[in-house]
């Protein structure tokens, strides 16, 4: 079975002119996208980890001293627009630029956005210009790199879901490193240093992708060129039975309905999940015991050391495997990625040394956000193998499982919040409840997000794939708008009903959506017409 799958994949790579060198059983080109996306997510999540905390921090601490409500509303607008612009970026790539140029344009605009945000100390205007550039750049970048991953595999390949899960590990490696280093440097050294650092690695991502473009064959070139090559292949190869079925209008309609339902399900998921940078950040900053002394402080320093070193080591090993395959052909890609990793190692060791020289351990409020990415880095491969080897349920069941798990995570926050008096502005709740919440949120994310991306790729008509990825992220935009507005109610709900009620309310909504997906599972599977 594995040999047959490899043969199918190699044949597809040859047809598309993609380099057939393999890393861990997947195309080497997947890992070029892995590292490009990794540095983009470093920049986005590094900035996101700081945004709410920066806005609510006191003027004496370099922040803007906004209210929780105002800060969370801006957070909702920013993250919502970040996920709305990919709809436009997908259309532009499909019709005009092709995926590769769109990715390069997006990366350059985001680099400029971080440079502007780093100058927030000079003028507030730079901060808002930076946010606007980040929103626009992300719109060009985000849907099109996901589209390229999907095109590396034939739809019939059992490796496609696994490929998206590996890609998702790259997303979260970048998110982890960004939140850890930008969050730490922003809170402990200076906000503008944290904002600026995020842009440095976005620039490295741009360079390593630029110098490896030929590895993708015809994938992601201009739309006109893609159409010409596709026409040649259509003449040379008869349409397979699966492709013939996929071209029928009734099948296309049914599959698009399923994609739409999956998108709605993702709104319920990300509405809850995106509380991480909003209400959960407020909970970490104001209501969680973060100062540790004595043995507790020492234990945390060692745990933080392992959390810093272990993920960097894993992605460094992935880079080593990639470099063995493509260093001779694409040396500059490996040089720039290698240089970026040297800087990351240097910053990681500096951070560890700095913390061990402190008498007590004060956990940065942004630190808790790295847990999501750490759990993904450590669990992504296990989930990938589990779907491939042990149990591979239908898409609706996987999505429902993700919704249940993210809802369950809020049960721990609700339980931990029960001791907080009505309307209290501060408290010292054990950090274990936040850690458990992030663990279950991560398990839910691994069930829903990479699987959702894979199904959008498999169920969408090829000529509209960029647009449909844009719509997938539009669903996330809606979720982020709602998450920000709901999170902004944390003070009002806590004063009237208690913080535990706030978290129970957030957790119950995705569970309700999961029940509906399970009830309609058989119908949805039938409407997918053989795509599994």
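Numbering (my numbering), first residue to last: 802 to 1333. Glycine included, C-beta positions come from ideal geometry on N, C-alpha and C. Predicted model only: the values in this text are computed from it and were never measured.
Less than 8 Å between the CB atoms is what I'm expecting for residue i and residue j, so what's the real figure, rounded?
{"i": "residue 1159", "j": "residue 1288", "result": "With a Cβ gap of about 31 Å, residue 1159 and residue 1288 do not count as contacting."}
{"i": "residue 988", "j": "residue 1167", "result": "6 Å"}
{"i": "residue 900", "j": "residue 1021", "result": "4 Å"}
{"i": "residue 1165", "j": "residue 1098", "result": "That pair is no contact at about 14 Å."}
{"i": "residue 993", "j": "residue 920", "result": "7 Å"}
{"i": "residue 966", "j": "residue 1251", "result": "5 Å"}
{"i": "residue 960", "j": "residue 827", "result": "7 Å"}
{"i": "residue 1203", "j": "residue 1246", "result": "7 Å"}
{"i": "residue 1063", "j": "residue 1196", "result": "7 Å"}
{"i": "residue 1258", "j": "residue 963", "result": "With a Cβ gap of about 13 Å, residue 1258 and residue 963 do not count as contacting."}
{"i": "residue 1301", "j": "residue 1215", "result": "4 Å"}
{"i": "residue 894", "j": "residue 903", "result": "4 Å"}
{"i": "residue 980", "j": "residue 1181", "result": "Going by Cβ atoms, the distance from residue 980 to residue 1181 rounds to 17 Å, so no, they are not a contact pair."}
{"i": "residue 1127", "j": "residue 908", "result": "Not a contact, Cβ separation roughly 20 Å."}
{"i": "residue 936", "j": "residue 886", "result": "6 Å"}
{"i": "residue 1009", "j": "residue 1134", "result": "5 Å"}
{"i": "residue 905", "j": "residue 1011", "result": "6 Å"}
{"i": "residue 1113", "j": "residue 1149", "result": "6 Å"}
When we look at the beta-carbon of residue i and count the other beta-carbons within 10 Å, is it buried (16 or more) or exposed?
{"i": "residue 1039", "result": "Confidence is the limiting factor: at residue 1039 the pLDDT is only 47, short of 50, which leaves the residue's position unreliable, though a coordinate-based value still follows. Flag for residue 1039 reads exposed."}
{"i": "residue 1219", "result": "exposed"}
{"i": "residue 748", "result": "No answer is possible for residue 748: the residues shown for the chain start at 802 and end at 1333."}
{"i": "residue 1314", "result": "buried"}
{"i": "residue 825", "result": "exposed"}
{"i": "residue 990", "result": "exposed"}
{"i": "residue 1033", "result": "Unreliable positioning characterises residue 1033 in this predicted model, as indicated by a pLDDT of 41, which lies under 50. The coordinate reading is nonetheless provided below. Exposed is the call here."}
{"i": "residue 1188", "result": "buried"}
{"i": "residue 813", "result": "buried"}
{"i": "residue 1183", "result": "exposed"}
{"i": "residue 842", "result": "buried"}
{"i": "residue 1273", "result": "buried"}
{"i": "residue 1343", "result": "Any answer about residue 1343 is impossible in this case: the structure gives the chain only from 802 up to 1333."}
{"i": "residue 1029", "result": "Annotation note: pLDDT 46 at residue 1029 (below 50); position unreliable, coordinate value reported separately. Exposed is the call here."}
{"i": "residue 952", "result": "buried"}
{"i": "residue 1239", "result": "buried"}
{"i": "residue 1036", "result": "Any reading at residue 1036 is ruled out, since the residue's pLDDT is 44, under 50, leaving its predicted position unreliable."}
{"i": "residue 912", "result": "buried"}
{"i": "residue 1234", "result": "buried"}
{"i": "residue 1056", "result": "buried"}
{"i": "residue 1337", "result": "The first residue shown for the chain is 802 and the last is 1333, placing residue 1337 beyond what the model contains."}
{"i": "residue 1131", "result": "buried"}
{"i": "residue 871", "result": "exposed"}
{"i": "residue 1264", "result": "exposed"}
{"i": "residue 943", "result": "buried"}
{"i": "residue 1260", "result": "buried"}
{"i": "residue 1027", "result": "Residue confidence is low: residue 1027 scores 47 on pLDDT, short of 50, so the model does not pin down where it sits. Its coordinate-derived value is still stated next. Classification for residue 1027: buried."}
{"i": "residue 1173", "result": "buried"}
{"i": "residue 1208", "result": "buried"}
{"i": "residue 1198", "result": "buried"}
{"i": "residue 1000", "result": "buried"}
{"i": "residue 1329", "result": "buried"}
{"i": "residue 1299", "result": "buried"}
{"i": "residue 985", "result": "buried"}
{"i": "residue 1147", "result": "exposed"}
Please name the residue, chosen from the options, that lies closest to residue i on a Cα-to-Cα basis.
{"i": "residue 1307", "options": "1210, 1321, 1145", "result": "1210"}
{"i": "residue 1093", "options": "881, 1087, 1102, 1085", "result": "1102"}
{"i": "residue 1119", "options": "882, 1301, 862, 974", "result": "974"}
{"i": "residue 1296", "options": "1268, 886, 1223", "result": "1223"}
{"i": "residue 1144", "options": "1002, 1053, 981, 831", "result": "1002"}
{"i": "residue 1105", "options": "1056, 1138, 1156", "result": "1156"}
{"i": "residue 940", "options": "1279, 888, 1258", "result": "888"}
{"i": "residue 931", "options": "922, 945, 915", "result": "915"}
{"i": "residue 1243", "options": "970, 832, 1137", "result": "970"}
{"i": "residue 1280", "options": "1069, 1323, 1229", "result": "1069"}
{"i": "residue 1139", "options": "1150, 1116, 1149", "result": "1116"}
{"i": "residue 1079", "options": "1332, 863, 1290", "result": "1290"}
{"i": "residue 1309", "options": "1016, 984, 1067, 1212", "result": "1212"}
{"i": "residue 1231", "options": "1153, 1270, 1085", "result": "1085"}
{"i": "residue 972", "options": "820, 865, 832, 1054", "result": "832"}
Hey, is residue i's beta-carbon within less than 8 Å of any beta-carbon in chain D?
{"i": "residue 1320", "result": "Included in the structure is just one protein chain, with no chain D present."}
Continuous alpha helix (DSSP H) assignments of at least 4 residues falling wholly in the segment 940–1000
Fully enclosed alpha helix (DSSP H) runs of 4 or longer: 960–989.
Counting pairs of Cβ atoms below 8 Å between the segment 848–862 and the segment 831–839, do you hit three or more?
no
Continuous alpha helix (DSSP H) assignments of at least 4 residues falling wholly in the segment 863–935
869–893, 900–918
Quick one: complete alpha helix (DSSP H) runs, 4+ long, within the segment 1078–1155?
Whole alpha helix (DSSP H) segments, 4+ residues: 1080–1088, 1095–1127.
Please determine if the segment 806–818 and the segment 871–887 are in contact, where contact requires at least 3 C-beta pairs separated by less than 8 Å.
no
Considering only residues of the segment 816–864, which uninterrupted alpha helix (DSSP H) runs meet the minimum length of 4 residues and lie entirely inside it, listed in chain order?
Correct list: 829–857.
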